[in-house]
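Per the numbering used here: the sequence shown = residues 157 to 271.
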Amino acid sequence: MTFLTDMFQDLRIGKNSIHGDQTQVRSFQNESHLNALSEKIDQLYIMNLAALELLNELGVSRAKIQAKIEEIDLRDGKADGKIAPQTECQDCGHRVSKRRTHCFYCGAKVNQLGF
Ligand SMILES: [Zn+2]
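What follows is the structure, encoded as structure tokens:
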């Protein structure tokens, strides 16, 4: 009986060890994704800073920039500081990836968040 109990415990220990290894791999992957996101945020911050400084040099007021930010925020119908990209083309009705700026099927402009 002790033999069976020991065997089951060994199996459980082995299974938990595998789960621990998998968790460690996921943790490493998450850390890697986090670092990539952090780098993208830094790049976006620099780009925004450059744009704001150039606008300031061109005489665009903070109030006008703030009004534009609010207008863009409302493009998805909600003033929540977030942008919900279109999920379907308004011209042909096909589903559109959130990352696309043009419909894959008909070429219509979608997700007009950029330039
Ligand atoms: Zn389309």
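Beta carbons: idealized from backbone N, C-alpha and C, even for Gly.
These numbers come from a predicted model, not from an experiment.
Each of C245, D247, C248, H250, C259, Y261, C262 and A264 has a C-beta closer than 6 Å to some heavy atom of ligand 1; these make up the full list, in chain order.
Taking the Cβ atoms as the reference, C248 lies roughly 33 Å from A223, outside the contact range of under 8 Å. Straight across, the Cα-Cα distance linking D198 with G233 is about 28 Å. The DSSP-derived three-state label of R251 is strand. Scanning its chain for C-beta atoms nearer than 8 Å, with the 5 sequence neighbours on each side dropped, one finds around E244 the residues H250, R251 and V252, in chain order.
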